[in-house]
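Note that the working numbering has the sequence shown beginning at 545, numbered continuously upward. Where is the CB? At the ideal position from N, CA and C, for every residue including glycine. These figures come from a predicted structure and were not determined experimentally.
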Amino acid sequence: MSRRGYNLLARENPPAGYHSAAESWRIHRLGSEPANLPPQTIQCTAKFKLFFPKKGSPNGYETFASNGDFSFSLTAGSMSFDEFRSMVAKECENNREGAGDIVRDAVASGSPRMDWWISLKLRAAPEFNKSAKPKPNINIEAGFLAWINVIVELGNDTTNSCLELVMENPASSSRCECFQTTWAEPRPSDRATVAGEFDTLNVISKKLVELHKPNTKYETRLPVFLHLTKDNHYIPLTGAVLDIWAKALEKRVDRTMNDSATNNSPSPESDPPALIEPNEDLLRKYIELVIKPEKQEKVMKILVDHDIAHPNSFKSKTITEEKMLKWGLSDGIVAQLRDNVSVFEETAH
Numbered sequence: 545m546s547r548r549g550y551n552l553l554a555r556e557n558p559p560a561g562y563h564s565a566a567e568s569w570r571i572h573r574l575g576s577e578p579a580n581l582p583p584q585t586i587q588c589t590a591k592f593k594l595f596f597p598k599k600g601s602p603n604g605y606e607t608f609a610s611n612g613d614f615s616f617s618l619t620a621g622s623m624s625f626d627e628f629r630s631m632v633a634k635e636c637e638n639n640r641e642g643a644g645d646i647v648r649d650a651v652a653s654g655s656p657r658m659d660w661w662i663s664l665k666l667r668a669a670p671e672f673n674k675s676a677k678p679k680p681n682i683n684i685e686a687g688f689l690a691w692i693n694v695i696v697e698l699g700n701d702t703t704n705s706c707l708e709l710v711m712e713n714p715a716s717s718s719r720c721e722c723f724q725t726t727w728a729e730p731r732p733s734d735r736a737t738v739a740g741e742f743d744t745l746n747v748i749s750k751k752l753v754e755l756h757k758p759n760t761k762y763e764t765r766l767p768v769f770l771h772l773t774k775d776n777h778y779i780p781l782t783g784a785v786l787d788i789w790a791k792a793l794e795k796r797v798d799r800t801m802n803d804s805a806t807n808n809s810p811s812p813e814s815d816p817p818a819l820i821e822p823n824e825d826l827l828r829k830y831i832e833l834v835i836k837p838e839k840q841e842k843v844m845k846i847l848v849d850h851d852i853a854h855p856n857s858f859k860s861k862t863i864t865e866e867k868m869l870k871w872g873l874s875d876g877i878v879a880q881l882r883d884n885v886s887v888f889e890e891t892a893h
């Protein structure tokens, strides 16, 4: 064979189309576990499309997209859902400065809505195909775990996956009015609120997964919803399905809460708001909570120079965003100071 120009020693190991020893053991569990079994690697190609408030325009938003596709890798099963989202935010920041803070803020606050579309080009996992219906996503922990479990069970040394982060445009959202008051600028990652802690969709989805366990009779990898009367009818609870179901349940909860709030709204004879008394110590605690450490003293000096002596001053109609910008504060710092007063009031000082 060597006379004909074939070099048998130079062929791929394993040859194309064959599994490595590690892959064969993971898939079939035949024989003994190979020594130095390599970890399963996920090679992720990602891109994002986010939105950023236009300066000087209270209702306008600019597209903030990635600088082309970018790649990163992780070991399957090595991190939690929150750790994964934190890593993705860091990779987005590496691709384009400022993107990391936008992603972290959206994860922590839950708004604007951001979809984490995921796909695998694998015949053995059609539910994660890019064209699958519903479109696969890892918006919630259940979807993330399903994605990881599929990759682990397939047993490949390296699995290629695509991730696309797409943020809802606040200007075209029906919740635009809410966003105008609660979302203004990318904020630091060291917020008091832990990402996912108050994510209603995540809580509902976890409960759904607890109620509907995997059933190997119907689906080996995913939890399933069984038809109440027909044994042969079921729905695999992929991340996308759980997301749709959780959102529907969340709307029912919101409607109930709104009805309750309307019934319990205060009468016109309610007490007037309390007098704001100067308290610079409280103001400093607030700044330490919402402003990055290296900028705290500068911000404190600007506020004291303009006679701001209490966090509630940022609720005043006379202390406008435009005025604060003229003091020399950046858009992001103004957003932090104005948007977090209510959260600060609910915490112990």
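The beta-carbon distance between Leu826 and His850, rounded to whole angstroms, is 17 Å. This is too long to meet the 8 Å contact definition. Following the DSSP letters along the chain, one finds Lys867 in no beta strand (DSSP E) but inside the alpha helix (DSSP H) bounded by residues 865 to 870. Contact annotation, Asn639 with Ser610: C-beta distance approximately 5 Å; criterion of less than 8 Å satisfied. Taking 8 Å as the upper bound for CB-CB distance, Cys588 and Ser624 are not in contact here, some 16 Å apart. Going by DSSP, Lys634 is part of no beta strand (DSSP E) but of the alpha helix (DSSP H) stretching over 625 to 639.
For Leu709, the enclosing beta strand (DSSP E) starts and ends at 702 to 711.
In the structure shown, Lys750 adopts helical secondary structure according to DSSP, grouped into three states.
If you look at Lys591, you'll find it in the beta strand (DSSP E) that goes 585 to 597. Contact annotation, Thr619 with Gln584: C-beta distance approximately 7 Å; criterion of less than 8 Å satisfied. Between Glu889 and the set Ser622, Ser857, Tyr605, the nearest pair of CA atoms involves Ser857. Proximity to Leu793 across Lys751, Ile682, Gly644, Pro656 peaks at Lys751, based on C-alpha coordinates. For Ser663, the pairing in a beta bridge is given by DSSP as Cys706. A straight-line Cα-Cα distance of about 11 Å links Ala690 and Ile662.
Under the three-pair Cβ rule at 8 Å, the region 707 to 715 counts as touching the region 652 to 660.
Annotation for Leu618: no alpha helix (DSSP H) segment contains it, though the beta strand (DSSP E) segment containing it runs 614 to 619. A check of alpha carbon separations from Trp789 across Asn683, Val834, Asp875 identifies Asn683 as the nearest. About 11 Å separates the beta carbon of Ala633 from that of Leu594, a gap too long to meet the 8 Å contact definition.
Just so you know, the alpha carbons of Glu671 and Gly699 end up roughly 17 Å apart. Membership of Ala609 in the beta strand (DSSP E) is indicated by the continuous run 605 to 609. For Met658, the beta-bridge partners assigned by DSSP are Met711.
For a cut-off of 8 Å, the C-beta gap from Val848 to Ile831 is around 11 Å, too long to register as a contact.
Membership of Gly644 in the alpha helix (DSSP H) is indicated by the continuous run 643 to 653. Under a 10 Å Cβ-count criterion, Ala668 is classified as exposed, with fewer than 16 other Cβ atoms of the shown protein chains found around its own Cβ. A buried status is given to Gly876, since no fewer than 16 other beta-carbon atoms sit within 10 Å of its beta-carbon. Around the beta-carbon of Ser705, 16 or more other beta-carbon atoms lie within 10 Å, marking it buried.
Asn693 sits in a helix when the DSSP states are folded into three classes.
In this structure, DSSP gives Asn856 a helical state, which the three-state scheme calls helix.
Residue range 840 to 849 is occupied by the alpha helix (DSSP H) that includes Lys842. Annotation: the continuous alpha helix (DSSP H) that includes Gly876 extends over 875 to 883. Of the residues assessed, Asp649 falls on the buried side of the cut-off, its CB having 16 or more other CB atoms within 10 angstroms. About 7 Å separates the beta carbons of Glu708 and Ala590, which is inside the 8 Å limit, making them a contact pair. In this structure Pro597 is buried. Its beta-carbon is surrounded by 16 or more other beta-carbon atoms within 10 angstroms. Taking a C-beta distance under 9 Å as the contact criterion, Leu666 and Thr703 qualify as a contact pair. The beta-carbon distance between Gly604 and Val696, rounded to whole angstroms, is 44 Å. This is too long to meet the 8 Å contact definition.
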